[in-house]
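*Asks:* Here it is, the structure in full.
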Amino acid sequence: MINMKVNLAGVELKNPVMEASGTFGSGAEYSEFVDLNQLGAVVTKGVASVPWPGNPTPRIAETWGGMLNAIGLQNPGIDMFVKRDIPFLKQFDTKIIVNVCGRTEEDYIQVVERLGDEPVDLLEINISCPNVKEGGIAFGQDPKAVEAITKACKSHAKQPVIMKLSPNVTDITVMAKAAEAGGADVISLINTITGMKIDVNRRTFALANKTGGLSGPAIKPVAVRMVYQAAQAVRIPIIGMGGIQTGEDALEFILAGASAVAVGTANFHNPYATAEVVQGIRDYMEKNQIQDINSLVGAVK
Amino acid sequence: MAKIKETAAILSQEQLAEGIYSMWIHTEAIASQAAPGQFIDVYTRDGAKLLPRPISLCEIDEGGGRLRIVYRVAGEGTREFSQYPAGGRIDILGPLGNGFPLEEAAGKRVLLIGGGIGIPPMLETARRLEGDKTIILGYRDSQMFLWEEFQALGTVFTATEDGSAGVKGNVLDAIRQEDIQGDLILACGPTPMLRGVKQYAAEHNIGCLISLEERMACGIGACLACVCQSKAIDGHSQVKNKRICKDGPVFWAEEVEL
Chain R
-11 MINMKVNLAG VELKNPVMEA SGTFGSGAEY SEFVDLNQLG AVVTKGVASV PWPGNPTPRI
49 AETWGGMLNA IGLQNPGIDM FVKRDIPFLK QFDTKIIVNV CGRTEEDYIQ VVERLGDEPV
109 DLLEINISCP NVKEGGIAFG QDPKAVEAIT KACKSHAKQP VIMKLSPNVT DITVMAKAAE
169 AGGADVISLI NTITGMKIDV NRRTFALANK TGGLSGPAIK PVAVRMVYQA AQAVRIPIIG
229 MGGIQTGEDA LEFILAGASA VAVGTANFHN PYATAEVVQG IRDYMEKNQI QDINSLVGAV
289 K
Chain L
4 MAKIKETAAI LSQEQLAEGI YSMWIHTEAI ASQAAPGQFI DVYTRDGAKL LPRPISLCEI
64 DEGGGRLRIV YRVAGEGTRE FSQYPAGGRI DILGPLGNGF PLEEAAGKRV LLIGGGIGIP
124 PMLETARRLE GDKTIILGYR DSQMFLWEEF QALGTVFTAT EDGSAGVKGN VLDAIRQEDI
184 QGDLILACGP TPMLRGVKQY AAEHNIGCLI SLEERMACGI GACLACVCQS KAIDGHSQVK
244 NKRICKDGPV FWAEEVEL
């Protein structure tokens, strides 16, 4: 009997696979393709205290082996989210992770407090979105700010807190340690890498926002490296992500030190990607006679 | 209605004009549910190209389990599709989005307007529409793909930008010059054309349904890439944004800002 259960800050996931925030809405659309009961957790798109309209279009551009996005955290606000999206997700036997975004510390705290009495398992605090002018990445590139926002969220949160880190920093270990020092229960990485695409025929930026976040298999080696570095630097569990398309991709992150993994951009070209990653990990474990997924976490030193 | 992703057989592939191709695909699961104005996502085989290409349905043969797409080679992804031979395979997801609400046309004199690569979805729409219909097609030049296929479906007026056929100018020039009258417009084409059509409909106080396009990623309403601005706050997004892939691509013109 293979064990795929993993534990994130006292929350037991039936397997280490979730999808990455922002690629999956709140699960409703992809539930036509994937049985959400098969996933370790569902991570919602970032939600703020009030509705956000996001950025102008074009919001996305395809790049070699990846894509740029600058959605700008469009979201319906916490009121609609609590009324519509949480009850939808409660129908499934999976854990609910709510991604929280804000422009100010007060914004984050307001959402964190509001979710305190909701049936939500974990909070993921987004301090790494590269596509909004205030909040987002502004909190994620300065270790003092990371520690402070982590502390603030922790002191108001009833659920364990995941801090989602940006790769757009000189040393990821500094940010990982800052989150740990602020009391983070888990860290997740990487968010997207800031990039740009120029449309040479129109001689303009491919994205209305000029820059966007690069995701997809093109960024996977960067993400694996950062997860490995962070795993050496902190003792709290890590959710690894960045370009995962298959079970083997996910296993790279797990072997590098991630206790769980998230599938993002792959959903767009394969709506079954999350379920296939779960199966891919199981197949690998059977083939290699691995009894417990936890024995693989950080096994490559 | 369920969205289906499958690897389907290509029944035929034909070049209609410079950079314009027509493909018939065997897909009973998608064809049996599809409606005019809907689209499918087409996936490339190149692992470096991650995003599906949204392509509108040109013809739907429900009984025969076939779909036809007529598409323009706009980049390397669509170039790859254009090189698939008959008998080959193609990865598709559909049917996606909402088609034209044809029931709105009952008892009305309908103007079907297509511009450029917005012409293909109007073919099945014209075929399904009963009653009085006038078709106005706008082309760049004399490479008038699908033009003959519209002839049996209604009265056809043509505009070409270079004046090589029909009225010189755009579809609105044709409507004004030929004094074409109607009570409802169904249109698909480039945004500047749709902007003009929307304004024309507002001036003449007639209903107007338009099909929009935008860069898309997921195609099913999850990623919020392909939004358009809406006049009122949208129930799903709670802001003045609608998802073209899921809430559209067909909208009432007065619902959206162009």
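Sequence lines, in order, name chains R and L. When we follow the working numbering, the leftmost residue of the first sequence carries the number -11, and every step to the right adds one. When we follow the working numbering, the leftmost residue of the second sequence carries the number 4, and every step to the right adds one. Positions of the beta carbon are idealized from the N, C-alpha and C atoms, including for glycine. Every value quoted in this text rests on a predicted model; they were computed, and no experiment measured them.
1) Where does R/Val249 land, buried or exposed, given buried means 16+ other C-beta within 10 angstroms?
2) Using the rule of at least 16 other Cβ atoms within 10 Å of the residue's Cβ for burial, across every protein chain shown, is L/Pro88 buried or exposed?
3) Between the region 79 to 97 of chain L and the region 192 to 205 of chain L, are three or more C-beta pairs nearer than 8 Å?
4) Can you say whether L/Gln241 is buried or exposed, counting buried as having 16 or more other CB atoms within 10 angstroms of its CB?
5) Using a Cβ cut-off of 8 Å, which residues of the region 19 to 51 of chain R contact any Cβ in chain L, in chain order?
6) Please classify R/Asn3 as buried or exposed, where buried requires at least 16 neighbouring CB atoms within 10 angstroms.
7) Buried or exposed for L/Ile116, please, with buried defined as at least 16 other CB atoms from any protein chain shown within 10 angstroms of its CB.
8) Report yes or no: is there a C-beta of chain L within less than 8 Å of the C-beta of R/Ile278?
9) Run down chain R in chain order and give the residues with a C-beta less than 9 Å from the C-beta of L/Gln202.
10) Can you find a heavy atom of the ligand FAD that lies under 7 Å from the Cβ of R/Lys139?
11) Would R/Leu111 pass as a contact of R/Val100 if the rule is Cβ separation under 8 Å?
12) When DSSP builds the beta bridges, which residues end up paired with R/Thr199?
13) Can you tell me whether DSSP reads R/His257 as helix, strand or coil?
14) Would you decide whether L/Pro104 is buried or exposed? Buried here means 16 or more other CB atoms lie within 10 Å of its CB.
15) Whose Cβ in chain R lies nearer than 7 Å to the Cβ of L/Ile183?
16) Just confirm the distance between the C-beta atoms of R/Gly204 and R/Ile181, as a whole number of angstroms; I'd bet it's less than 8 Å.
17) If you draw a straight line from the alpha carbon of L/Thr163 to that of L/Asp144, how long is it in whole angstroms?
18) Among residues of its own chain, excluding the 5 on either side of L/Ile183, which ones have a beta-carbon nearer than 8 Å to its beta-carbon?
19) Taking C-beta pairs closer than 8 Å, name the residues in chain R that L/Lys6 reaches, listed in chain order.
20) Which residues of the region -3 to 22 of chain R have a Cβ closer than 9 Å to any Cβ of chain L? Give them in chain order.
21) Cβ closer than 7 Å: which chain R residues qualify as neighbours of L/Glu83?
22) Return the chain-ordered ranges of every alpha helix (DSSP H) run that is complete within the region 10 to 67 of chain L and spans a minimum of 4 residues.
23) Tell me which residues of the region 243 to 259 of chain R have at least one Cβ-Cβ distance to chain L shorter than 9 Å, keeping chain order.
24) Along the region 67 to 82 of chain R, where does the CB come closer than 7 Å to a CB of chain L? Name the residues.
25) Determine the DSSP secondary structure at L/Ser240, reduced to helix, strand or coil.
26) How big is the Cα-Cα spacing for R/Gly104 and L/Gly210?
27) Within this structure, are the beta carbons of R/Gly228 and R/Val215 separated by less than 8 Å?
28) Could you name the residues of chain R that L/Gln241 contacts, counting a contact when the two beta carbons are closer than 7 Å?
29) Would you kindly report the start and end of the unbroken alpha helix (DSSP H) that includes L/Thr194?
*Replies:* According to the structure shown:
1) The count along the first sequence starts at 1 and reaches residue 249 of chain R at position 261. Answer is buried; the Cβ neighbour count reaches 16.
2) Here residue 88 of chain L is taken as the residue at index 85 of the second sequence, counted from 1. So L/Pro88 counts as exposed.
3) no
4) Here residue 241 of chain L refers to the residue found at position 238 of the second sequence. Label assigned to L/Gln241: buried.
5) When CB distances to chain L are screened at a threshold of 8 Å, the residues of the region 19 to 51 of chain R falling below it are Glu20, Phe21, Lys33, Pro39, Trp40, Pro41, Gly42, Thr45, Pro46, Arg47, Ile48, Ala49, Glu50, in chain order.
6) Along the first sequence, read from residue 1 onward, the residue named residue 3 of chain R stands at position 15. R/Asn3 should be labelled buried.
7) One-based indexing of the second sequence puts residue 116 of chain L at position 113. The residue in question, L/Ile116, is buried, as its Cβ has 16 or more Cβ neighbours within 10 Å.
8) Working through the first sequence from its first residue, we reach residue 278 of chain R at position 290. Not one chain L Cβ lies under 8 Å of R/Ile278.
9) Stepping through the second sequence from its first residue, residue 202 of chain L is reached at position 199. Those within 9 Å of L/Gln202 in chain R number zero; the least Cβ separation is about 21 Å.
10) Judged by which ligands are present, the structure shown has none, so any question about the ligand FAD falls away.
11) Taking the first sequence and counting its residues from 1, the one referred to as residue 111 of chain R is at position 123. Taking the first sequence and counting its residues from 1, the one referred to as residue 100 of chain R is at position 112. Against a cut-off of 8 Å, the Cβ pair of R/Val100 and R/Leu111 comes out as a contact.
12) Position 211 of the first sequence, counted from the first residue, corresponds to residue 199 of chain R. Looking at the DSSP assignment, R/Thr199 forms a beta bridge with R/Met184.
13) Here residue 257 of chain R refers to the residue found at position 269 when the first sequence is read from its first residue. Note: R/His257 maps to helix in three-state DSSP.
14) Working through the second sequence from its first residue, we reach residue 104 of chain L at position 101. The residue in question, L/Pro104, is exposed, as its Cβ has fewer than 16 Cβ neighbours within 10 Å.
15) The residue you call residue 183 of chain L lines up with position 180 of the second sequence. Residues of chain R passing the Cβ test: none, with the nearest at roughly 32 Å.
16) For the purposes of this step, residue 204 of chain R is identified with residue 216 of the first sequence, where counting begins at 1. For the purposes of this step, residue 181 of chain R is identified with residue 193 of the first sequence, where counting begins at 1. Actually they do not touch by this definition, with Cβ atoms about 10 Å apart.
17) The sequence position of residue 163 of chain L within the second sequence is 160, counting from 1. The sequence position of residue 144 of chain L within the second sequence is 141, counting from 1. Rounded to whole angstroms, L/Thr163 to L/Asp144 spans 5 Å at the Cα level.
18) What you label residue 183 of chain L is simply residue 180 of the second sequence in a count that begins at 1. Counting only Cβ-Cβ distances below 8 Å, and skipping sequence neighbours, we find Leu114, Thr137, Ile139, Phe160, Ala177.
19) By one-based count along the second sequence, residue 6 of chain L stands at place 3. Neighbours of L/Lys6 on chain R, chain order: Glu20, Phe21.
20) Gly10, Thr11, Phe12, Gly13, Ser14, Gly15, Ala16, Glu17, Tyr18, Glu20, Phe21
21) Translated into positions along the second sequence, residue 83 of chain L becomes position 80. Under the 7 Å cutoff, chain R gives no residues; its nearest Cβ is about 13 Å from L/Glu83.
22) If we require 4 residues or more, the alpha helix (DSSP H) runs fully inside the region 10 to 67 of chain L come out as 31 to 34.
23) Thr253, Ala254, Asn255, Phe256, His257, Asn258, Pro259
24) Met68
25) Along the second sequence, read from residue 1 onward, the residue named residue 240 of chain L stands at position 237. DSSP places L/Ser240 in coil when its eight states are reduced to three.
26) Here residue 104 of chain R is taken as the residue at index 116 of the first sequence, counted from 1. Here residue 210 of chain L is taken as the residue at index 207 of the second sequence, counted from 1. C-alpha separation (whole angstroms): 48 Å.
27) Residue numbering aside, residue 228 of chain R sits at position 240 when the first sequence is read from its first letter. Residue numbering aside, residue 215 of chain R sits at position 227 when the first sequence is read from its first letter. Taking C-beta atoms as the reference points, R/Gly228 and R/Val215 count as a pair closer than 8 Å.
28) As a first step, residue 241 of chain L is located in the second sequence; it is residue number 238 there, counting from the start. Under the 7 Å cutoff, chain R gives Pro39, Pro64, Gly65, Met68.
29) The residue labelled residue 194 of chain L in the question sits at position 191 within the second sequence. It spans 194 to 206 - the alpha helix (DSSP H) in which L/Thr194 sits, taken as one unbroken run.
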